[in-house]
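Report on the structure given below.
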Amino acid sequence: MTLQTQLEKLDRHLARFREGGILNLIDGKDAEGSGGTFQTHSPVDESLIATVARGTATDIDRAAEAAKAAFPAWAALSGDKRKAVLHRIADGIEARAEEIALCECWDTGQAWRFMSKAALRGAENFRYFADLAPSARDGKTLPTKDHLNVTSRRPIGPVGVITPWNTPFMLSTWKIAPALAAGCTVVHKPAEFSPLTARLLAEIAQEAGLPPGVLNLVNGFGEDAGRALTEHPAIKAIGFVGESRTGSMIMKQGADTLKRVHFELGGKNPVVVFDDADIERALDAVIFMIYSLNGERCTSSSRLLVQESIAEEFQARLVERVNRIRVGHPLDPETEMGPLIHKTHFDKVTFYVDIGKADGATLAAGGMRVGDKGWFVRPTLFTGATPQMRIAQEEVFGPFLTSLTFRDEAEALEIANSTAYGLTGYLWTNDLTRALRFSEALEAGMIWVNSENVRHLPTPFGGVKASGIGRDGGDWSFEFYMEQKNTAFALGNHKIQRLGA
Ligand code: NAD
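This is the structure in structure tokens:
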């Protein structure tokens, strides 16, 4: 596989979008946007990929009404039948995994070595929730002396799914698959920076036999189409992945219609390395968890907390490795880091380089643009930072690591918990008791001890503090997409108080 052959294949896949644009898909039909179009450009060379249908409140209304009309039949379908459709969607994803990965790399700048796996992970998400569909409605019996309580779950109704531009295909499947498995119908509003693979997913679902109106796609901008989706009365819940600030706006926008919300938001995740850790493995994990996926990863460990006794050596080795990371064309199989998604994001990341320097931290690696076309930056490392500096507190969401040092466990914990976020935490130590004590006190929704981020789909995924509300994964996803019902049957003639008798 060479870069040239990758580019030729990509070109064939993109030809139809260059000609016809990227359309919405509402009620099983292609649809123009009532707001006209917008353009999507590749971060690799800033070239135009395609025009995209620009949805507005009018299109969202049509999509929400289609989802509402399709809901009763989809919800009434047996779990086994929903399971079969979802497996067919997974088959379709696997069959087109190469196309999905090529498009995703070109649209987002993510390196092929990660995106080829992310496409397949999308199929895995569908298969996992497909298998849970038949039992999604199962309830409990909770007997008392006088009553038999029977609980059951039913899908909440049509839901909105709003996704970001980082690994957009995989994240969309992570939100959409459980909604469909539960029996909900969906209106999906993907990020405006990365519309390509959401269109592929909608097409694959339709080809797999998902009935019209069950999954609707409306492209458009957040403050426009996104906002309308969160305000629509037919939409019962919003599954959202994106920035914490946007989550807070969505909560306000959804208040009038009492939306149920599920938020997977930002992070400033610590990786804590104690001096008794396996240093080689810790070093590999620290580098992987901030520079893979261009650092545009909610679970990235963007704050390194390293114990003073080993800090100098650890940081020196880090600098050496970071300077050797291969930045290049995302479709080149050798590339480890591609360009950042968009100029606005490039500006944000480089702005934090200036802030780091101005605040007195040491720029130990990277920080500069690569080339003069596309949004490439060298992987960046700051050392000598202090916990309250902006580069140690705010989410940069790029290949940007801030290194801090600590004396002892108490100080490490204080620093680790000192940000507004609480998505993940990573801990490197061979002291079992300390690992247990520290992970208990760490404010994070997900913690990995002596490991990088390795996902197991049945486990709960989500954050605390400003990093989110709710959990995905296994039955936690169904808790969000379904309503609980309890019915109490009297078992006899228990005493009823007689008023006015
Ligand atoms: P963003 O919040 O800017 O946008 C996300 C989506 O929300 C987009 O589709 C956008 O159009 C839409 N949107 C924007 N304003 C809206 C509004 N007022 N109403 C409704 N929708 C609106 O986020 P982004 O820049 O695309 O993504 C990066 C962020 O996502 C980072 O903060 C990252 O940490 C977070 N993220 C979190 C997770 C997680 O699981 N916790 C996973 C991936 C990304």
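Each residue of the sequence shown is one higher than the last, beginning at 67 in the numbering used here.
Glycine included, every Cβ here is placed at the ideal spot set by N, Cα and C.
Neighbour-count burial assignment, residue i, 16 or more Cβ in a 10 Å radius
i, result
"I562", "exposed"
"K149", "buried"
"P399", "exposed"
"D474", "exposed"
"M67", "exposed"
"S469", "buried"
"D497", "exposed"
"T428", "exposed"
"S358", "buried"
"P299", "exposed"
"R369", "buried"
"R564", "exposed"
Within 8 angstroms, strictly: CB atoms of residue i and residue j
i, j, result
"L237", "A196", "no"
"H328", "F546", "yes"
"N285", "A133", "no"
"L80", "I115", "yes"
"A257", "W231", "yes"
"P336", "L371", "yes"
"L523", "G539", "yes"
"D157", "P200", "no"
"G433", "V419", "yes"
"N519", "T490", "yes"
"T174", "P261", "no"
"W494", "A348", "yes"
"S100", "T124", "yes"
"C169", "L266", "yes"
Best match in the options for proximity to residue i [C-alpha to C-alpha]
i, options, result
"A136", "G279, T446 and F192", "G279"
"L508", "L498, R363, E480 and N496", "E480"
"V216", "L565, T553, A343 and G437", "T553"
"L276", "P221, V436, I242 and G288", "I242"
"I155", "E273, A130 and L91", "E273"
"T263", "T452, C171 and F306", "C171"
"Q454", "V443, T471, G440 and I301", "T471"
"S543", "P244, I92 and T122", "P244"
"G249", "A139, T312 and G102", "A139"
"D425", "A510, R456 and A431", "R456"
"T485", "L397, E460 and E85", "E460"
"A430", "A268, E378 and E346", "E378"
Rounded C-alpha distance that separates residue i from residue j
i, j, result
"A351", "A141", "43 angstroms"
"R78", "F259", "21 angstroms"
"S581", "D212", "A query on residue 581 cannot be resolved here, the shown segment of the chain reaching from 67 to 567 and no further."
"I304", "I88", "24 angstroms"
"L186", "A382", "36 angstroms"
"T117", "H254", "18 angstroms"
"V110", "A163", "21 angstroms"
"K414", "P209", "57 angstroms"
"A294", "A97", "17 angstroms"
"K183", "R193", "15 angstroms"
"T323", "E477", "45 angstroms"
"A247", "S218", "16 angstroms"
"M512", "N559", "49 angstroms"
"Y487", "A451", "18 angstroms"
"T446", "D127", "44 angstroms"
"I407", "T449", "26 angstroms"
"G121", "Q319", "18 angstroms"
"E289", "T251", "23 angstroms"
"G536", "Q550", "16 angstroms"
"Q176", "T207", "48 angstroms"
"T296", "N360", "30 angstroms"
"T401", "W441", "15 angstroms"
"Q373", "K325", "45 angstroms"
"M403", "G308", "22 angstroms"
For residue i, the three-state DSSP class (helix, strand or coil)
i, result
"V462", "coil"
"I301", "coil"
"S108", "coil"
"Q72", "helix"
"T525", "coil"
"D420", "helix"
"R369", "strand"
"P209", "strand"
"A431", "strand"
"I270", "helix"
"E85", "helix"
"D157", "helix"
"W19", "Absent from the structure is residue 19, since the part of the chain shown begins at 67 and ends at 567."
"D344", "coil"
"D96", "strand"
"T452", "coil"
Any chain C beta carbon closer than 8 angstroms to residue i
i, result
"E545", "Checking the listed chains, one finds no chain C in this structure; it contains a single protein chain."
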